Amino acid sequence: MALTQKEYVDELKLEWKRLWRERVDDKVRAEGIAINDYSSLFIDKGTVIHATRDFKVLTFKDILKQHQVMNAERYIPPDPKVGGWTKFVKDNITKQSTKKRATAYLESKKEKPQIKKNTRGWLHI
164 MALTQKEYVD ELKLEWKRLW RERVDDKVRA EGIAINDYSS LFIDKGTVIH ATRDFKVLTF
224 KDILKQHQVM NAERYIPPDP KVGGWTKFVK DNITKQSTKK RATAYLESKK EKPQIKKNTR
284 GWLHI
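Be aware that the sequence shown starts at 164, since it is given in the working numbering, and climbs by one per residue.
Next up, the structure:
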């Protein structure tokens, strides 16, 4: 029984999360190393998966392309810096400048009380 594409991608995501959770952090060299073989992710035991210098970063999108998954972008949420709901909320909803709020504010017009004429009566305007 063949797995559907979505189920296959979900299994790859689980492997991906396990890879990052079970890594060894080498504090001297400032890099993360894979503990086990992850054949579905094309990563062998001892492979450097995170480093501070001279390193090609592993991306889940590249792994999906190596597995020839159709529309790999559909399974990966966009980076918040590029776009998506989070960026929309940050840019358009939460960051309302005070100038925008000040110009949008309309002061309610209060009815002024009737004017008195030297305390001897009311002026009729």
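Glycine is no exception: its CB is placed at the ideal position from the N, C-alpha and C atoms.
Nothing here was measured: the structure is a model prediction, and the numbers come from that model.
Looking from the CA of serine 202, the closest CA among Val232, Leu175 and Lys273 belongs to Leu175. Residue environment analysis places tryptophan 248 among the exposed positions, since fewer than 16 neighbouring C-beta atoms fall within 10 angstroms of its C-beta.
For the alpha helix (DSSP H) assignment, the uninterrupted runs of no fewer than 4 residues enclosed by the segment 191-249 are, from N- to C-terminal side, 223-229 and 235-238.
Taking 8 Å as the upper bound for CB-CB distance, glycine 209 and isoleucine 196 are in contact here, some 6 Å apart.
Between the alpha carbons of valine 187 and alanine 267 lies a distance of about 55 Å.
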